[in-house]
Amino acid sequence: MGETSKRLASAAVLILFYLFMIFYPGFYYLQTYLILLLGGAIGIKEFYNLSDRGEDGRPFRGTGVFFMLLV
């Protein structure tokens, strides 16, 4: 599976979650939180995969995930 198809698949899943969040009346804030958490996790994983340079420099993934959850 190529990079473009992975991104399209993740976008399709997020769109389905977003539509479910809009049209389902109960637990509105919980769904919003979960959608934002899922989007943040996917985004930070993508960012750290792009910034990883192998042995020359590895990003602090744990610290970044902690602060993403904190924000």
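Okay, so the sequence shown: first residue is 266 according to this note's numbering, each after it adds one. Backbone N, C-alpha and C fix where the C-beta goes; we use that ideal spot for every residue, glycine too.
Under a three-way DSSP split, which group does residue i fall into?
| i | result |
| --- | --- |
| Arg355 | Because the chain here runs from 266 to 336, residue 355 falls outside it and cannot be looked at. |
| Tyr289 | coil |
What number of angstroms, rounded off, separates the C-alpha of residue i from the C-alpha of residue j?
| i | j | result |
| --- | --- | --- |
| Thr297 | Asp321 | 38 Å |
| Gly319 | Tyr289 | 44 Å |
| Asp317 | Gly329 | 13 Å |
| Leu303 | Leu334 | 10 Å |
| Gly305 | Arg326 | 13 Å |
| Ala276 | Phe312 | 16 Å |
| Glu268 | Phe331 | 26 Å |
Using only CA atoms, which one of the options lies nearest to residue i?
| i | options | result |
| --- | --- | --- |
| Leu301 | Ser316, Tyr283 and Pro324 | Tyr283 |
| Phe285 | Leu299, Leu334 and Ala274 | Leu299 |
| Leu279 | Ile307, Tyr294 and Pro324 | Ile307 |
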